[in-house]
Amino acid sequence: MGFTDFLRNFHEKHEKLKHTIHNKWRYPLPKSGQYAMALFYFCIPIVGGHYVMEWAKSKSVDEIGARGEKLREKKLQGFGNKTVIDGKVESIGAGGIGGGVHLALSDEDTQKKNKAML
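Mapping of the sequence shown onto our numbering: position 20 corresponds to residue 1164, and the numbering continues sequentially without gaps.
Written as structure tokens, this is what we have:
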């Protein structure tokens, strides 16, 4: 019995099992059961995604440290919308929610600062 025979046999048995589950054992759920199953299937990716993100955060802390102390080169100079230009801490962006940049509406000095950030 080769590998292809094994795969074909596995596929046939799997199809038979799916047919049994979806046809022989199935009976209609009441509305409350349908809502419970919808909630269950909705929550699976949410809970799974939460645990994946927690795992990713722990791997990040293991690799670079909680605040980047394990990095060889620490290039982070500012946090959020603050940066260091010519030794001075300055705000970047146009301010407001999201701190967007409006090059067309800004004055020449702001345009120079924004170009320095790029």
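Ideal placement from N, C-alpha and C gives every residue a C-beta, glycine not left out.
CB contact flag (residue i, residue j, <8 Å)
| i | j | result |
| --- | --- | --- |
| I1236 | K1214 | no |
Pairwise C-alpha distance: residue j and residue i
| i | j | result |
| --- | --- | --- |
| M1181 | G1231 | 59 Å |
| K1286 | Y1195 | There is simply no residue 1286 to check, as the chain begins at 1145 and stops at 1262 in what is shown. |
| K1162 | I1190 | 26 Å |
| V1233 | A1260 | 13 Å |
| T1164 | E1156 | 12 Å |
| G1192 | Y1185 | 11 Å |
| F1150 | P1172 | 35 Å |
| N1153 | K1201 | 42 Å |
| T1148 | K1203 | 39 Å |
| M1272 | G1212 | Given that the chain is displayed from residue 1145 to residue 1262, the structure contains no residue 1272 and the question cannot be resolved. |
| D1206 | W1199 | 11 Å |
Any chain D beta carbon closer than 8 Å to residue i
| i | result |
| --- | --- |
| G1212 | The chain inventory of the structure shown lacks chain D, comprising one protein chain alone. |
Close beta carbons around residue i, own chain, < 8 Å, minus the five adjacent residues each side
| i | result |
| --- | --- |
| Y1271 | Past the boundaries of the shown model lies residue 1271; the chain is included only from 1145 to 1262, so the question cannot be answered. |
| N1167 | none |
Beta-bridge partners of residue i, as assigned by DSSP
| i | result |
| --- | --- |
| V1228 | V1233 |
Sequence-distant residues of its chain with Cβ nearer than 7 Å to residue i (five each side left out)
| i | result |
| --- | --- |
| I1208 | K1214, L1215 |
| I1229 | K1257, A1260 |
Contacting residues, own chain, Cβ-Cβ under 6 Å from residue i (five flanking each side not counted)
| i | result |
| --- | --- |
| D1251 | none |
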